[in-house]
Every structure is written in C-alpha cells, then in structure tokens.
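Counting in UniProt numbering, the sequence shown runs from 1 upward without gaps.
Even glycine gets a Cβ: it sits at the ideal position worked out from N, Cα and C.
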Amino acid sequence: MRLQEETGVTASLSEAIPGVGEQVLRVLGSVESATEAYFLIASDLIRTHPLRSTSVESDSAPTTCLRLLIPHNMLGSIIGRHGRKIKAMHASSGAQISTREHMLPNSTEHIMQLCGTSESIRRAVRDICLCFLEDDELCAGTVLFHPAAPDQPSSPVTQPTGTRPFTREIDVPSDMVGSIIGRGGTNINEMKRMSGAEIVIAKAPREGVERQTVTIVETYDAYKRARTLLYEHIEKTRRARHSRRK
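Have a look at this one:
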C-alpha cells in the first residue's frame, strides 16, 4: 500500500460490503507518521474530488473533508471544557471541525469531520493525535465500528419485525465480559429482564483477538433494547474504571 511505503504507518482497510459505499481505513503509527498519512489522503481527495467552501481557511484553495472515528471516551479530551480545546484547534489549524452527537451503530465511536485544505487538515490531525497520546488509556475497551449493509426494504420475508424471531451477534471487549455478567449473573439477568431478549456470551475470545461474541436472540425490538443496554453498560464501566485510575 502506497500510504504505508511513503509514511511508515501500518494501515488496514475494512472489507468492502455490497450496498455500502464507504470503508474504514485504520492507521497506526507515530504522531508524525499518522499526520503525514492523513495529509496524503487529504491531498489525494483534493486532487480527485476537490470541494470549495467559504467556511474554511481559504476561499480560493481547494478543500476536502475527512471523517475520523473517535472513541466516545476520547471526545471530552479533544473537545475540552466548554469546547475550548476544539475551538483552539480550529483557530490554529484553519480546519472546520465538527462532531456527531450519536455513536455509530453497534460501536462506541463517533464521527469527527475535518474540512479544509490538506495543510489545515494536517495540523488538525496532529492536534487530535496528541490528544490520543496524552489520554491513550481512554481508548481501552472501545467497540470499533464496522460498516454493514443497511436493513433490507420491508417485505414479509426479509424485514425484521417486532414479533418475528431475530438473532444477532455483537463483539465486545473481553475485559468487559465479567462486568457485563456481574456477580452471580446479576447484570446480564437484569439486561435480559429489561429487554425481554435472551443474551448468551461466548465462553472464550475469538482466536487472535481480545473480543468475545455476545449472541442476542429474540424479536427485533427486544434485540434493539438489549443492544442499547449492553453498550450503555460498557460505557458506564469504562468511565468508572477511568475515574479510579485518576
């Protein structure tokens, strides 16, 4: 991959899903190499699909937008109290920075969008990378976003309904499993009671990864309730663990 050869980062691209127009590119490296990688990505996008906007640092220079995936627990570190840090990033980089309020489906990641010239995006990415470096422990237990095909159009055969049996598997960090289950199964039993779904956790992590599969079986509505309860519990546990480290 050209990106790896020119910057020294490790990069991986998510699987192409039929019907989904986007993939996730994950980059691993030093602050400088990761910053350079995103600069090259922005430069390529400007060359192939330039945008022009009066809301970024130059009215005449071609611009583009990059969307970053940010762990929920990292948002506070990047935004800062009363938004001071993110405002300072905007002022120093010239990039327009915006964050989506809601987490992406089946994950604990948010979209943070950077719009500007390739150089302004480079400066903004570097500032964000430094936040990760300072508070890297906040990333522990992040449930990564994986693109998936949207639900099929309504039909008697394929569309999940509130009453039809439905099964879905979700991966969770292995270090969260004990908390999800709770002492004597109290937490998971409460999730079952509140959602009306059957929730089964795999006994061992999947090979090669520190994640275990949670299988949720019931109606589609019950699955959605169980999924929400599960992710809320993971977020609550992560925040509690982070507070104890301080």
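- In this structure, the CA atom of R193 is about 57 Å from the CA atom of A61.
- If you draw a straight line from the Cα of S43 to the Cα of D221, it is about 44 Å long.
- In this structure, DSSP gives H110 an extended state, which the three-state scheme calls strand.
- Where I41 is concerned, the enclosing alpha helix (DSSP H) starts and stops at 31–48.
- The residues Q113, C115, in chain order, have a CB closer than 6 Å to that of C65 in the same chain once the five nearest residues on each side in sequence are set aside.
- In its chain, beyond the 5 residues on either side, V143, L144, F145 have a beta carbon closer than 7 Å to the beta carbon of S107.
- Contact between the region 87–99 and the region 30–50 is not established, with fewer than three Cβ pairs separated by less than 8 Å.
- The closest CA to that of V9, considering only Q23, E15, T35, E218, is found on T35.
- In the DSSP annotation of this structure, I181 is not part of any beta strand (DSSP E); the continuous alpha helix (DSSP H) holding it starts and ends at 177–181.
- S195 is a Cβ neighbour of A226, given a cutoff of 8 Å.
- If you draw a straight line from the Cα of G94 to the Cα of E190, it is about 48 Å long.
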